[in-house]
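Written out below as structure tokens is the structure these notes cover.
Numbering (the numbering used here), first residue to last: 751 to 1067.
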């Protein structure tokens, strides 16, 4: 039996497509359910094939990859969790440009052979729990806002269209949403490391609740240099230029949408309550920068200061 030299796993909500490459770069394909039972079956197969020491490449796909990555890591596999942009580059370089789940799994396995120094998945159980809380929080906040807007619309048009609204019942549901949101934020804030707590206490305009969410979203990642942190949250500026032509600059928005929302909330608090950041914001507005552009710049300034005072010392420590 040829030795397995790389494993690629394409993750979706319900299944895992797996490709194993041997020394002759011949691919062996398989499919498993993306649940505890399916992941245990996958681990059993990989051990049987002798793939324990081979690179294992899995694409970071929202939260769908977390359970498989954690269980594989816990069982002794070195899990390399990569940005989907890397896979996209290899897909574009392919002559056929084929894209199916099995083709993607095989492509990931090949990336494991071709690429060096891929990021290693290293989240703990507590970090994954926090990520699940942050994901739930994002959904609840979105649903609560949507419900609030719908209730307001119904009440506004109730007489015109003879609409019957269960306003009291809906109000109770909205209250329950808000209570759960408050509890989740409190749980995440309680998990903050001391250095993050100190930052919240020392920086006017920044709350423990906001840093609690940010901590959950960033957990398990390393950002060096600091521009990787800015890009991870989609606040890097995308530039396009050819010859004398140059387009307007836009945010890439490739990172975490919820992370950007939290950072805008932090930026608003800094703009309102922190003299240093308020002065910076006002200088941007005096230069005719639009409101959202100024808030994005404020968010980047906070992130870079936060990286220098909190994240970088953590990585070096």
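For every residue, glycine included, the Cβ atom is placed at its ideal position computed from N, Cα and C. This structure is a prediction, so every number in the text was calculated from the model and none was measured.
Remark: C-beta atoms of residue 777 and residue 859 approach each other more closely than 8 Å. Residue 952 and residue 1059 have their C-alpha atoms roughly 11 Å apart.
Minimum Cα-Cα distance from residue 980 among the listed residues 1048, 926, 855, 924 corresponds to 1048. In this structure residue 839 is exposed. Its beta-carbon is surrounded by fewer than 16 other beta-carbon atoms within 10 angstroms.
For the pair residue 812 and residue 850, the Cα-to-Cα distance works out to about 19 Å.
Under the three-state reduction of DSSP output, residue 756 falls in the strand class.
For a cut-off of 8 Å, the C-beta gap from residue 929 to residue 890 is around 10 Å, too long to register as a contact. Exclusion of the five residues before and after residue 897 leaves 920, 923, 924, 927 as the residues of its chain whose Cβ lies within less than 8 Å of its Cβ.
Residue pairing from DSSP places residue 769 in a beta bridge opposite 758, 779.
Note that the segment 940 to 957 touches the segment 1013 to 1027; at least 3 beta-carbon pairs, one per stretch, sit closer than 8 Å. Residue 786 is positioned such that its CB atom lies no closer than 8 Å to that of residue 808. Annotated as proximal: residue 766 and residue 818, with beta-carbon spacing under 8 Å. Residue 908 and residue 899 have their C-alpha atoms roughly 14 Å apart.
Note that the segment 783 to 797 does not touch the segment 868 to 885; fewer than 3 beta-carbon pairs, one per stretch, sit closer than 8 Å. For the pair residue 761 and residue 780, the CB atoms are not nearer than the 8 Å cut-off. Secondary structure of residue 809 (DSSP, three-state): strand.
Counting along the chain, the unbroken alpha helix (DSSP H) around residue 907 starts and ends at 875 to 907.
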